[in-house]
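Working notes, beginning with the structure itself.
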Amino acid sequence: MKNQKEARTATRHRVFVAAVVLVCSAATVMGVHAYMGFMNRTIYDESSAHLTEIYHQANQTLNNKVSFNWGIMQMWLPYLEIAQSDAEIRSFLASAQEEYDFTDFFFISRDGSYITLDGEQGYLDLGQMQSQLILEQQPVVANSVVPNNPEIMVFAVPAEKGSYQGFGYEAIAISYNNADLMESLKISAF
Amino acid sequence: MTTSKISRRSFLQASGALAAMTTLSACSADNDDSAASNSNSDKIRITFYLWDRSMMKALTPWLEQKFPEYEFNFLLGFNSMEYYHDLLGRAEQLPDIITCRRFSLNDAASLADHLADLSTTEVAGTFYASYLNTNKEPGGAIRWLPMCAEVDGTVANVDLFEQHGIPLPTNYAEFVDAIDAFEAAGIKGYGADWAYDYTCLETMQGCAIPELMSLEGTAWRMNYESEAQDSRTGLDDVVWPTVFEKYEQFLKDVRVQPGDEKYELNPIAKPFFEQKTAMLRTTASAADNISSTYGFNTVVLPYFGETDKDGWLLTYPMCQTAVSNTAAQDETKLAAILRVLQAMYSAEGQRVLAAGGSVLSYNKEVDTTSSKALEHDNDIIAANHLYVRLASTEIFSISQEVGHKMIIGEYDAKAAYEAFNDQLVSPKKNPETEVLFTQNIAYPIDMTEHGSAAASSVLTALRATYNADIAVGYSPIVSTSIYCGDYTTQQILWVMAGNYGVTQGEYTGAELLQMMEWLVNVKENGANPIRHRSFMPVTSGMEYKVTEYERCKFRLEEVTVNGEPLNEAATYTVFVAGTDVWMEDENFCNCPMPESLKTKRMDYAIEGADSRSCLKESLANSKQFPAPSNYLTIIQGA
Numbered sequence: 008m009k010n011q012k013e014a015r016t017a018t019r020h021r022v023f024v025a026a027v028v029l030v031c032s033a034a035t036v037m038g039v040h041a042y043m044g045f046m047n048r049t050i051y052d053e054s055s056a057h058l059t060e061i062y063h064q065a066n067q068t069l070n071n072k073v074s075f076n077w078g079i080m081q082m083w084l085p086y087l088e089i090a091q092s093d094a095e096i097r098s099f100l101a102s103a104q105e106e107y108d109f110t111d112f113f114f115i116s117r118d119g120s121y122i123t124l125d126g127e128q129g130y131l132d133l134g135q136m137q138s139q140l141i142l143e144q145q146p147v148v149a150n151s152v153v154p155n156n157p158e159i160m161v162f163a164v165p166a167e168k169g170s171y172q173g174f175g176y177e178a179i180a181i182s183y184n185n186a187d188l189m190e191s192l193k194i195s196a197f
Numbered sequence: 004m005t006t007s008k009i010s011r012r013s014f015l016q017a018s019g020a021l022a023a024m025t026t027l028s029a030c031s032a033d034n035d036d037s038a039a040s041n042s043n044s045d046k047i048r049i050t051f052y053l054w055d056r057s058m059m060k061a062l063t064p065w066l067e068q069k070f071p072e073y074e075f076n077f078l079l080g081f082n083s084m085e086y087y088h089d090l091l092g093r094a095e096q097l098p099d100i101i102t103c104r105r106f107s108l109n110d111a112a113s114l115a116d117h118l119a120d121l122s123t124t125e126v127a128g129t130f131y132a133s134y135l136n137t138n139k140e141p142g143g144a145i146r147w148l149p150m151c152a153e154v155d156g157t158v159a160n161v162d163l164f165e166q167h168g169i170p171l172p173t174n175y176a177e178f179v180d181a182i183d184a185f186e187a188a189g190i191k192g193y194g195a196d197w198a199y200d201y202t203c204l205e206t207m208q209g210c211a212i213p214e215l216m217s218l219e220g221t222a223w224r225m226n227y228e229s230e231a232q233d234s235r236t237g238l239d240d241v242v243w244p245t246v247f248e249k250y251e252q253f254l255k256d257v258r259v260q261p262g263d264e265k266y267e268l269n270p271i272a273k274p275f276f277e278q279k280t281a282m283l284r285t286t287a288s289a290a291d292n293i294s295s296t297y298g299f300n301t302v303v304l305p306y307f308g309e310t311d312k313d314g315w316l317l318t319y320p321m322c323q324t325a326v327s328n329t330a331a332q333d334e335t336k337l338a339a340i341l342r343v344l345q346a347m348y349s350a351e352g353q354r355v356l357a358a359g360g361s362v363l364s365y366n367k368e369v370d371t372t373s374s375k376a377l378e379h380d381n382d383i384i385a386a387n388h389l390y391v392r393l394a395s396t397e398i399f400s401i402s403q404e405v406g407h408k409m410i411i412g413e414y415d416a417k418a419a420y421e422a423f424n425d426q427l428v429s430p431k432k433n434p435e436t437e438v439l440f441t442q443n444i445a446y447p448i449d450m451t452e453h454g455s456a457a458a459s460s461v462l463t464a465l466r467a468t469y470n471a472d473i474a475v476g477y478s479p480i481v482s483t484s485i486y487c488g489d490y491t492t493q494q495i496l497w498v499m500a501g502n503y504g505v506t507q508g509e510y511t512g513a514e515l516l517q518m519m520e521w522l523v524n525v526k527e528n529g530a531n532p533i534r535h536r537s538f539m540p541v542t543s544g545m546e547y548k549v550t551e552y553e554r555c556k557f558r559l560e561e562v563t564v565n566g567e568p569l570n571e572a573a574t575y576t577v578f579v580a581g582t583d584v585w586m587e588d589e590n591f592c593n594c595p596m597p598e599s600l601k602t603k604r605m606d607y608a609i610e611g612a613d614s615r616s617c618l619k620e621s622l623a624n625s626k627q628f629p630a631p632s633n634y635l636t637i638i639q640g641a
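For the protein sequence lines, the chains are A and B, in the order given.
Per our numbering, residue 8 is the first one in the first sequence, and the count goes up by one each step.
Per our numbering, residue 4 is the first one in the second sequence, and the count goes up by one each step.
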């Protein structure tokens, strides 16, 4: 009788211990889970806030860059109109390139063809921006690419009709490849 | 004592359990993805529609090898947005991955709601943004990714130019002079396969690229490609009249004659291979193959302008790829599909798809495939004088019709312009879109252990054309399931994957057995005639049993007719449909047909018929796809 009572007590004790252990385990797992969730959320929030901040800064810097580039090109236009020779134009723009670190300068025709200061010709695909540049006479910025070359960012402004090395143009543009653009942004912003 | 003993044991057990649970909990938190994927022991199935057989040269085996964890179902579809639109209408959802070469934004607009936006995916990030922008919808979504570009132009036999002391042309006037000089020497100056719609389209646009790339030309194209589904944009009256004037002059200059509009590829390619033609309209990929196969040097000439700086190459993506919206809803499947796309658009993937041909890539860090023939055009490529053809379905068909009428002299430039414009604004009703019959029973395309019901039905319909005892079909036979509902002629043809040569004649049972062994058994050199399970041979009036001893490797066990073993001495009338190139070419199955069968294949050719004409004729009579049969039994074993 006594043994039976002791056995029942022992069983009850075992059940109690097991229950306590289970509750503790569950609490621990839930705690770990909640902590990990909290950590994930914190890391996510902080990272996204950081990225958003970087994005806003980059966006602001790029906006400044766009306005700045359009502004300086518009300042060059009167000079291009009165320049006496192609050599003068080349010399003027070569020194501008040294000062402002752009990758290339383009004279752009109505249909999107270009000539560089060195006389290289080709087609600059500005997509829908071409019509905005020529027909609506608006400054534009666009990505463009020539096969097997790094992608470039093109800043262009409309110009009075002119001619360079016999090539008729209606707009001028400067371009930056990624490396030059990063370098340029770093100088201005960081 | 007892209490402390139990307590200690309990503590140890609890500690163990806690440690295990904590470990498991930590693992599951860290590896949610792997747990999810491991929980599904079945392979992820990806249905992949191919616009053309050429995608199966190297790409499909490469993908299967690269992704053994996925179960690909490659199906040969059609090069048309209408085909996918029809598929959508019948099956209610698109295959997981679809591809199409003939592409324009206005044609693709009707599928937009059913395709995933890929603009924020990693694979989209591998493209040069300016190339991808051409596929961008006004809302910013990008649903189609362009594969590397084919380059189309004029392939010139350089050796022939040198032999006759004729300089390679650098502008249009010199191009015409060269043609005249060759013609004077008794050699055809220029050849083109004028029968095809793409040749008419490409030469028509190619001879006037500067006009089409002008501000007015590009503005018209943007309007045309963004037209609403219920509106029609006609040709403009500034650019296009000049296009037709230049095309009229081009046709005269390359000395096109009435009757040339019937020329398909072989009759014009053969004299070029035999060095009896100096220049041929084709692609840069073909130029390299011609050089290596026929042993003379070639270069790709551009579409010339007035000066040597005005030349342009006409290009187009090898295909465009899109992902079904339905598939994209399943995160695991979408991840798998994006991995496949990432591989396809990698440098290696593009090289595999190009299968040695010369292409230009739209992706960063993927160099142009090197090519001797294209080196001649390095200056043109560097100048970015690359025109992407305007390739809507209607532009293809109208270019062909109007181009042919210009060739036979029915239209001058003005009449051609007006006819082209009329058809754009008021499209003619296509007789192939009239309903022929209503199908009452559906037959799925799914490949089971007893074959595909749709394939069986199609082959039985073909067998009925000339009342053959038995029909055998090889190469991919069907493209879609057969659905209940209306069928037009066009829709009937979309059920069958492509068009095949057809033959009918007497074969002995022994010859039939030889044919089936050729179509099923892996050859001594390891060549496997069954590249993908869905492309197993189809029979009608005859059944066969195979053992799959390795994945996709089969051994023919038995051939029966109406359940009885094939009588090798008996004679049967057999209808055969298939593409020999698919079986024989080393780029595909690499299983040459036994000589004895080859002779019969040639002797029994049905003149003026092909699988399409047979299917149309058969269904015009029966007005119903016939009931399928269990023509195949697959046994798994060693």
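Every residue gets a Cβ at the ideal spot worked out from N, C-alpha and C, and that includes glycine.
All values reported here derive from a predicted model rather than from experimental measurement.
Query	Result
Using a Cβ-Cβ distance cut-off of 8 Å, determine whether L218/B contacts chain A.	yes
What residues match up with C103/B in a beta bridge as DSSP calls it?	Q323/B
Just the C-alpha distance for L118/B and L78/B, rounded to the nearest angstrom, thanks.	18 Å
Would T49/A be called buried (16 or more neighbouring beta carbons within 10 Å of its own) or exposed?	exposed
Could you work out which residue in N443/B, D155/B and A458/B is closest to D449/B when comparing CA atoms only?	A458/B
Tell me whether S92/A sits in a helix, a strand or coil according to DSSP, three-state version.	coil
Would you say S151/A lies against chain B (beta-carbon separation less than 8 Å)?	yes
Looking at C-beta atoms only, is the number of pairs between the segment 219-233 of chain B and the segment 307-318 of chain B that lie closer than 8 Å three or more?	no
Could you tell me whether any Cβ in chain A is nearer than 8 Å to the Cβ of K312/B?	yes
Just verifying my parser: in three-state terms, what is the DSSP assignment at N47/A?	helix
In three-state DSSP terms, what is A2/A?	Lying before the first or after the last residue shown, residue 2/A is absent from chain A, which here runs from 8 to 197.
Given this structure, state the Cα-to-Cα distance separating L188/A from G128/B, to the nearest angstrom.	19 Å
Do you know how far the Cα of V362/B is from the Cα of L304/B?	15 Å
So the candidates are A211/B, D110/B, S122/B and K273/B; which of them puts its Cα closest to the Cα of K191/B?	K273/B
Which class does V257/B belong to by DSSP, given the choice of helix, strand or coil?	coil
Quick check: the segment 147-156 of chain B against the segment 426-443 of chain B, are there 3 or more CB pairs under 8 Å?	no
What is the DSSP secondary structure of Y547/B, counted as helix, strand or coil?	strand
How should K249/B be labelled, buried or exposed, when 16 other C-beta atoms within 10 angstroms of its C-beta is the threshold for buried?	buried
Considering only heavy atoms of the ligand ADP, does any lie closer than 7 Å to the CB of Y420/B?	Annotation note on the ligand ADP: not contained in the displayed structure, which lists no ligands.
Under 8 Å, with one C-beta from each stretch per pair, do the segment 250-270 of chain B and the segment 203-211 of chain B reach the 3-pair mark?	yes
Could you work out which residues of chain B lie near R15/A, taking near to mean beta carbons separated by less than 8 Å?	Simply none; closest approach about 12 Å.
If the cut-off is 7 Å on Cβ atoms, which residues from the segment 195-228 of chain B count as contacting chain A, listed in chain order?	M216, S217, L218, T221, A222 and M225
I need the boundaries of the beta strand (DSSP E) containing D111/A, first residue and last residue.	D111 to I115
Along the chain, where does the beta strand (DSSP E) containing Q507/B start, and where does it finish?	G504 to T511
For V161/A versus V148/A, is the C-beta distance shorter than 8 Å?	yes
By the criterion of Cβ-Cβ separation under 8 Å, what are the contact partners of Y3/B in chain A?	What is shown of chain B runs 4 to 641, which leaves residue 3/B out entirely.
Got a sec, what are the start and stop residues for the beta strand (DSSP E) P64/B sits in?	No beta strand (DSSP E) holds P64/B; the alpha helix (DSSP H) holding it covers L62 to K69.
Taking 8 Å as the threshold (beta carbon to beta carbon), is G173/A in contact with chain B?	no
Thinking C-beta only, is T202/B closer than 8 Å to M282/B?	no
Is it true that the CB of D200/B sits closer than 8 Å to the CB of Q493/B?	no
Within 8 Å (strictly less), CB to CB, does I122/A reach chain B?	no
With DSSP as the reference, please indicate the residues paired to G194/B in a beta bridge.	L283/B
For A32/B, I'd like the list of residues in its chain whose CB is within less than 6 Å of its CB, leaving aside the five on either flank, ordered along the chain.	Residue placement at A32/B is flagged as unreliable, the pLDDT there being 35, under the threshold of 50; the coordinate-derived value follows with that caveat. Here the set comprises nothing.
Which residues in the same chain have their Cβ closer than 7 Å to the Cβ of P447/B, if we skip the five residues on either side of it in sequence?	A456, A457 and S484
What residues in its chain sit with their C-beta under 8 Å from that of N174/B, if we drop five residues either side in the sequence?	F307, G308, E309, T310, D311, D313 and G314
Using a C-beta cutoff of 8 Å, does H647/B count as contacting chain A?	Past the boundaries of the shown model lies residue 647/B; chain B is included only from 4 to 641, so the question cannot be answered.
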